[in-house]
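Residue numbers (numbering that gives the first Met the number 0), protein chains in the order written: chain A, 0 to 203; chain B, 0 to 203; chain C, 0 to 203; chain D, 0 to 203. See below for the structure under consideration.
4 protein chains.
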Amino acid sequence: MSPSKEQEIVAVAARLFKEKGYRATTLEDIAAAVGMLKGSLYYYIRSKEELLYLVVRDPIRQAYTRLEEIVASQAPVATKIAQAITNHMTLFHRHYPHIAVYLHDFPHLMHKLQQSVRETPKQYQRLWTTLLAQGVASGELRRDLDVKIAAYAILGMCNWVYRWYDPRGKLSAEEIAALFTRMILEGVLRPRPASPPAASEAVP
Amino acid sequence: MSPSKEQEIVAVAARLFKEKGYRATTLEDIAAAVGMLKGSLYYYIRSKEELLYLVVRDPIRQAYTRLEEIVASQAPVATKIAQAITNHMTLFHRHYPHIAVYLHDFPHLMHKLQQSVRETPKQYQRLWTTLLAQGVASGELRRDLDVKIAAYAILGMCNWVYRWYDPRGKLSAEEIAALFTRMILEGVLRPRPASPPAASEAVP
Amino acid sequence: MSPSKEQEIVAVAARLFKEKGYRATTLEDIAAAVGMLKGSLYYYIRSKEELLYLVVRDPIRQAYTRLEEIVASQAPVATKIAQAITNHMTLFHRHYPHIAVYLHDFPHLMHKLQQSVRETPKQYQRLWTTLLAQGVASGELRRDLDVKIAAYAILGMCNWVYRWYDPRGKLSAEEIAALFTRMILEGVLRPRPASPPAASEAVP
Amino acid sequence: MSPSKEQEIVAVAARLFKEKGYRATTLEDIAAAVGMLKGSLYYYIRSKEELLYLVVRDPIRQAYTRLEEIVASQAPVATKIAQAITNHMTLFHRHYPHIAVYLHDFPHLMHKLQQSVRETPKQYQRLWTTLLAQGVASGELRRDLDVKIAAYAILGMCNWVYRWYDPRGKLSAEEIAALFTRMILEGVLRPRPASPPAASEAVP
DNA sequence: TATGAATGAGCTTTCATTCAT
DNA sequence: AATGAATGAAAGCTCATTCAT
């Protein structure tokens, strides 16, 4: 029942990579946190690089797979957006440090990871673009929406959470997802009372 | 006319720090890019850390100062939000790699920088929170808006730009700012025509 | 039975520091003398500075402690002087290069050592001054003796030994101590037979 | 009238070598103290090593020459010892930092200096040994005096002064010389009143 | 006379990695 | 399953020295 030593090493590595960054974390740091000597780690892992891979692999696979399902599903686009954002936040809830490591260090370690990790941020962004394009096509979203920029905007909003998310914070991942979804769909402006009076409406 | 050697070194360092990360960039890398030997750099700088400081100092000072002005100014909140976002994007336009280095590496290098750099992301976020709170108080923004989370959302959107911004890209910083502003204010949903008049609604 | 590697490193460092000076001795020199690579030393020590500390710590502690005992003891001052000098010479016998390093490099490395080494040459000299003052007070030493200068003189005599002492030399530390003691107590002049009685003066 | 720039450089170097040690003193330190840039020093000197040579050359020549004269002169040995010690102290008075540099750094820099500086501590000690041997032979000094060890003792006493001498101190070099001379000749013990009268002797 | 800029060798230190036990 | 010891490459930094101007 207790997690295997290997799992423990990966978990500890995820936490330390998140706290100090991949390069600033030494194998000695990790070994000490696990309670062994750095040389002993090599009984479980082949290299520091592999450890990074083990840290990020599963969470990002899950994220991509679920987003693909959502995009492919039949549902109003607003619903799908809500689901996609919830999916994103749930990742933080479940795999916090891992996903943070992925988000932070991927650009600089791409060359090290890309042989073993196929899911790139680029692809994730394409899925979002597709989702938004569905909404524009169906008329649910604004005609003039620049879907690519909108995808970048939403991704930024959601990814940046890795900087301030606190697994033990006041707001749950679901609550954050709900607030974000509403912001994305409706914006922050107070809706102007419906037009009825008409007339002067055209003047901004 | 040509920039001083020191400025060149700082510019090169900014670029390389952005490309490979602060820790992964060696002084030898920087020296080679400038066309000298690593030891020679120390004629211009005192340490790698100081170089980091020189890279980020000015841009972030500008950003904070301008945002403070905007928040303190008299104008509709929607206008101020637009200005703040434009301010943010203009930074990318003017100091791209520098600001990217700041956004990426600050959390892990805080302890190195905080003696010399007072402006923290935390403070920047507080300014945004204040700005949004002004809008809620004045009735321009939704009553139920969680201003703190909204600030995080907007910041995420704007900061994340450092990951994909291309100074030579199709969209200018101002254009991105305009698209972001609209998204934040109104969201992505197609506005439903005011209900009462009904009738023609179905026609897109 | 063989001394631990750490002890060997400290011993080798003491010898090389003595031969070439602390600053002129490189960790590569030390590592080579021990039969390893310079990086490997860091498995045993934290820094070159710590190595210096390990070299000098014990010997000087012993020296101070023993001198304090002697000064505090009850015995004729001439005896105590003899003991103090013997103590001093015995240090050379037992910890030759270590004590030489301390005597030679302390003034310039004080700032590095003083956090961890409390015993200063100044304090040692004060103990000697006290000892001589005891002798003046008791009438065993000359009334007009400048005890401070005399302490400096004795210390100079004894410390300078680090420059020419040879652990395998003809004279043992005890023999040197005895010769020094006699010089200090009685000087080098041939004692003039007490003048008054005259007569028998010629007979030594 | 004003000392030439070269003389100023040598004087400054002597002071800094004394304060921080030869190796720890950088040419930049020296240049800054003189008010120029380090590269500019090379207009006056050929190398750091030569600077060391310039610092110590004259003082030690004077010391050796004068000691040779004293040893060769006709006078009671006690007088000659007094003169030799006064000579030694006068050096501190006239060339304080220079002589301190020589005394401190010579052993480790011998190989660098010995091509240009012929006067070695060894030779100086031989002169002293000769002087003492003259006294033993003439019966002025104790028959059983170990002249070599006594020479070492006297040299230690006199050389060590470089560690505490203060050109602006209370005691002049001549006064220190007088105190040292008396110590060396007669020791520190209170002379016992000539034996015959006896009786009250035991009561201090 | 002196500067400013650069060199290059060498320093202390770090760290992922190896491997016999 | 883990240790202890060592490696070796590379990092940041220092500094005596050079030289065109």
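Cβ coordinates follow ideal geometry from the N, Cα and C atoms, glycine included. These numbers come from a predicted model, not from an experiment.
Near residue i, which residues of its chain fall below 8 angstroms by C-beta distance, leaving aside the five closest residues on each side in sequence?
{"i": "V100/A", "result": "A13, F16, K17, Y21, L51, V54, V55"}
{"i": "A62/A", "result": "N86, H87, L90, I98, E118, Y123"}
{"i": "R141/B", "result": "V135"}
{"i": "A74/C", "result": "Q82"}
{"i": "M0/C", "result": "Per-residue confidence for M0/C stands at a pLDDT of 44, beneath the threshold of 50, marking its modelled position as unreliable; the derived number appears in the next sentence. Nothing listed; no residue qualifies."}
{"i": "V9/A", "result": "L50, L53, V54"}
{"i": "D28/D", "result": "L15, K19"}
{"i": "V11/C", "result": "I29, A32, V33"}
Starting from residue i, trace the alpha helix (DSSP H) both ways and give me its first and last residue.
{"i": "R56/C", "result": "47-71"}
{"i": "W163/D", "result": "160-163"}
{"i": "K19/D", "result": "4-19"}
{"i": "L26/B", "result": "26-33"}
Leaving out five residues before and five after residue i in sequence, what residues of the same chain have Cβ atoms less than 6 angstroms from its Cβ?
{"i": "E5/C", "result": "Y43"}
{"i": "M182/A", "result": "none"}
{"i": "A30/D", "result": "L36, K37, L40"}
{"i": "A172/C", "result": "M88, T89, F91, H92"}
{"i": "D104/C", "result": "Y21"}
{"i": "A201/A", "result": "Summary for A201/A: the model assigns pLDDT 42, below 50, so the residue's position carries little reliability; its value from the coordinates is reported in the next sentence. Cβ neighbours of A201/A beyond the five flanking positions: none."}
{"i": "R60/A", "result": "none"}
Tell me the DSSP bridge mates of residue i?
{"i": "L188/D", "result": "L140/C"}
Please look up how many angstroms separate the CB atoms of residue i and residue j, rounded, as I've assumed it's under 8 angstroms.
{"i": "L126/A", "j": "L66/A", "result": "5 angstroms"}
{"i": "V76/B", "j": "G134/B", "result": "3 angstroms"}
{"i": "A150/B", "j": "L131/B", "result": "6 angstroms"}
{"i": "I148/A", "j": "I175/B", "result": "6 angstroms"}
{"i": "F179/B", "j": "I69/B", "result": "Wrong, their Cβ atoms sit about 15 angstroms apart, outside the cutoff."}
{"i": "L19/D", "j": "H107/C", "result": "The sequence given here has Lys at residue 19/D, not Leu. Between H107/C and K19/D the Cβ distance is about 6 angstroms, and since that is below 8 angstroms, they are a contact."}
{"i": "V146/B", "j": "T128/B", "result": "5 angstroms"}
{"i": "G138/B", "j": "R191/A", "result": "Between R191/A and G138/B the Cβ distance is about 11 angstroms, and since that is not below 8 angstroms, they are no contact."}
{"i": "G155/C", "j": "G155/D", "result": "5 angstroms"}
{"i": "P166/B", "j": "Y95/B", "result": "5 angstroms"}
Got a sec? Which residues, its chain only, sit under 7 angstroms from residue i by beta carbon, not counting five neighbours each side?
{"i": "E7/D", "result": "V33"}
{"i": "I208/A", "result": "Beyond the ends of chain A as shown, which are 0 and 203, falls residue 208/A; an answer cannot be given."}
{"i": "L224/B", "result": "In the structure as shown, chain B starts at 0 and stops at 203, and residue 224/B therefore has no counterpart that could be examined."}
{"i": "S72/D", "result": "K79"}
{"i": "T24/C", "result": "L15, F16"}
{"i": "L26/B", "result": "K37, L40, K47"}
{"i": "L144/A", "result": "L131, V135"}
{"i": "Y164/D", "result": "F91, Y95"}
{"i": "Q114/A", "result": "none"}
{"i": "P120/A", "result": "F105"}
Along the chain, which unbroken stretches of the alpha helix (DSSP H) at least 4 residues long are found entirely within the stretch 80-157 of chain D? Runs found: 95-112, 120-137.
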